[in-house]
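Enquirer: Just passing along the structure, written as structure tokens.
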Amino acid sequence: MRNEAKERLIFALDVDCFEDAEKWVKLLHDKVGVFKVGKQLFTRCGSDVVRMIRGEGGEVFLDLKYHDIPNTVAMAGVEACRLGVRMFNVHALGGPEMMRETVAKADASCPRGSAERPLLLAVTILTSSTEETLRAVGIDRSVREMVPRLARLAKEAGMDGVVASPQEVGLIRDACGPEFVIVTPGVRPAFASLDDQKRVTTPAEAIAAGADYLVIGRPISAAADPVEAADLILAEIEEALRGRS
Ligand SMILES: O=C(O)c1cc(=O)[nH]c(=O)n1[C@@H]1O[C@H](COP(=O)(O)O)[C@@H](O)[C@H]1O
Numbered sequence: 001m002r003n004e005a006k007e008r009l010i011f012a013l014d015v016d017c018f019e020d021a022e023k024w025v026k027l028l029h030d031k032v033g034v035f036k037v038g039k040q041l042f043t044r045c046g047s048d049v050v051r052m053i054r055g056e057g058g059e060v061f062l063d064l065k066y067h068d069i070p071n072t073v074a075m076a077g078v079e080a081c082r083l084g085v086r087m088f089n090v091h092a093l094g095g096p097e098m099m100r101e102t103v104a105k106a107d108a109s110c111p112r113g114s115a116e117r118p119l120l121l122a123v124t125i126l127t128s129s130t131e132e133t134l135r136a137v138g139i140d141r142s143v144r145e146m147v148p149r150l151a152r153l154a155k156e157a158g159m160d161g162v163v164a165s166p167q168e169v170g171l172i173r174d175a176c177g178p179e180f181v182i183v184t185p186g187v188r189p190a191f192a193s194l195d196d197q198k199r200v201t202t203p204a205e206a207i208a209a210g211a212d213y214l215v216i217g218r219p220i221s222a223a224a225d226p227v228e229a230a231d232l233i234l235a236e237i238e239e240a241l242r243g244r245s
């Protein structure tokens, strides 16, 4: 069960240099299955950091949240496939054509079922957003309406899964079924602060709701003892997995 818990824990490597990234990967490689490389670290270090993580035996979630015209996103997706990442994401708000094209180009360059094929994920509504955020950009529908709607679009376009708040896992499962992958950031153990996250649950609640992977950054990186924090989170995931089986 400990191994399964580890496979489901994604650590957000939100740091600004290669040396810090390497330090975290070495510190957490036996606690964490996947390391998430986002905009800050990738902008600073590029693909070297992906190669470093893979060299240390870790898997990579390339979190660049592509959102552009269909061809541009699809070609970026092909490069993500070539990098050998375990998963990468686009914004579902980029629309069905953008997602379909990304899936088609990935199918051509890295066939489904091959060992190198990454999971193609669509971000629904960011976990830092509220109804007020949606209204500010002209979306009058609720978060609880928008998330399953975007998840359904992603599934119809052939994407493997979504990134969403753990609060919406049930809605997504109802809309997209048990096989659709759900990755949830916005996870806060009882000992951690909310930071800029708005729609959160604890790790146990996220797993109990049916999340496949949990993305966790600051609750580990800002803890006085990050290894202890990771252990507490793993124990919580493990116990919730037992309750699920
Ligand atoms: O795609 C993501 O990973 C993502 C989507 C989302 O809706 N919310 C969200 O927080 N994230 C990422 O998940 C990580 C969460 O980090 P912490 O808030 O420090 O646990 C950050 O690196 C975010 O970029």
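The sequence shown begins at 1 in the UniProt record's numbering and counts up by one.
For every residue, glycine included, the Cβ atom is placed at its ideal position computed from N, Cα and C.
What residues are listed by DSSP as bridge partners for residue 88?
Expert: Here residue 88 refers to the residue found at position 88 when the sequence shown is read from its first residue. For residue 88, which the question treats as bridged, DSSP gives the partners 62 and 120.
Enquirer: Report yes if the C-beta of residue 215 is less than 7 Å from at least one heavy atom of ligand 1; otherwise report no.
Expert: Position 215 of the sequence shown, counted from the start, is the residue given in the question as residue 215. For residue 215, the Cβ falls inside the 7 Å cut-off from some heavy atom of ligand 1.
Enquirer: Could you spell out the range, first to last residue, of the beta strand (DSSP E) harbouring residue 10?
Expert: Here residue 10 is taken as the residue at index 10 of the sequence shown, counted from 1. 9-12 is the span of the beta strand (DSSP E), which, as asked, contains residue 10.
Enquirer: Cβ of residue 62 versus every heavy atom of ligand 1: is any distance shorter than 7 Å?
Expert: If you number the sequence shown from 1, residue 62 lands on position 62. No, the beta carbon of residue 62 sits no closer than 7 Å to any heavy atom of ligand 1.
Enquirer: Counting pairs of beta carbons, one from the stretch 104-113 and one from the stretch 124-143, are three or more of them closer than 8 Å?
Expert: no
Enquirer: Alpha carbon to alpha carbon, what distance is there between residue 235 and residue 191?
Expert: For the purposes of this step, residue 191 is identified with residue 191 of the sequence shown, where counting begins at 1. For the purposes of this step, residue 235 is identified with residue 235 of the sequence shown, where counting begins at 1. Those two C-alpha atoms are separated by around 14 Å.
Enquirer: Between residue 65 and ligand 2, is there a pair consisting of the residue's CB and a ligand heavy atom that are separated by less than 7 Å?
Expert: No copy of ligand 2 appears in this structure; the ligands present are ligand 1.
Enquirer: Kindly identify the DSSP beta-bridge partner or partners of residue 36.
Expert: Taking the sequence shown and counting its residues from 1, the one referred to as residue 36 is at position 36. Paired residue(s): 12 and 61.
Enquirer: Within the continuous alpha helix (DSSP H) that includes residue 102, where are the two ends?
Expert: Start at 1 with the first residue of the sequence shown, and residue 102 comes out as number 102. From DSSP, the alpha helix (DSSP H) with residue 102 extends over 96-109.
Enquirer: Per DSSP, which residues does residue 214 bridge with? Please list them.
Expert: Translated into positions along the sequence shown, residue 214 becomes position 214. Beta-bridge pairing links residue 214 to 9 and 184.
Enquirer: Confirm, please, whether the CB-CB distance from residue 1 to residue 228 is below 8 Å.
Expert: For the purposes of this step, residue 228 is taken as the residue at position 228 of the sequence shown. For the purposes of this step, residue 1 is taken as the residue at position 1 of the sequence shown. No, they are not a contact pair.
Enquirer: Do residue 58 and residue 35 count as a contact pair if the criterion is CB distance below 8 Å?
Expert: Here the question's residue 35 lines up with position 35 in the sequence shown. Here the question's residue 58 lines up with position 58 in the sequence shown. In contact: residue 35 and residue 58 (Cβ atoms closer than 8 Å).
Enquirer: What did DSSP end up calling residue 127 once you bin it into helix, strand or coil?
Expert: For the purposes of this step, residue 127 is taken as residue 127 along the sequence shown, with counting starting at 1. In this structure, residue 127 counts as coil in the three-state DSSP scheme.
Enquirer: Name the two residues that bound the continuous alpha helix (DSSP H) containing residue 49.
Expert: On the sequence shown, position 49 is the one that residue 49 refers to. Start and end: 48-55.
Enquirer: Expressed to the nearest angstrom, what Euclidean distance is found between the alpha-carbon atoms of residue 21 and residue 141?
Expert: Taking the first residue of the sequence shown as 1, we reach residue 21 at position 21. Taking the first residue of the sequence shown as 1, we reach residue 141 at position 141. When rounded, the distance between both Cα atoms is 39 Å.
Enquirer: Three or more beta-carbon pairs under 8 Å between the stretch 69-77 and the stretch 207-224, yes or no?
Expert: Result no; under three Cβ-Cβ pairs closer than 8 Å.
Enquirer: Give me the DSSP bridge partner(s) of residue 269.
Expert: Since the displayed the chain opens at 1 and closes at 245, residue 269 lies outside it and no answer follows.
Enquirer: Run through DSSP, which three-state label would residue 201 get?
Expert: Here residue 201 refers to the residue found at position 201 of the sequence shown. Correct three-state label for residue 201: strand.
Enquirer: How would you call residue 165, buried or exposed, if buried means at least 16 neighbouring beta carbons within 10 angstroms?
Expert: Against the sequence shown, residue 165 aligns to sequence position 165. It is buried - the Cβ of residue 165 has at least 16 other Cβ atoms within 10 Å.
Enquirer: Is there a Cβ of chain C sitting closer than 8 Å to that of residue 76, yes or no?
Expert: The structure shown contains no chain C; it is built from a single protein chain.
Enquirer: Would residue 23 pass as a contact of residue 64 if the rule is Cβ separation under 8 Å?
Expert: The residue given as residue 23 occupies position 23 in the sequence shown. The residue given as residue 64 occupies position 64 in the sequence shown. No; because the gap between Cβ atoms is not below 8 Å, this pair is not in contact.
Enquirer: Which of the three DSSP states is assigned to residue 114 in this structure?
Expert: Within the sequence shown, numbered from 1, the residue matching residue 114 stands at position 114. Residue state, collapsed to three classes: coil.
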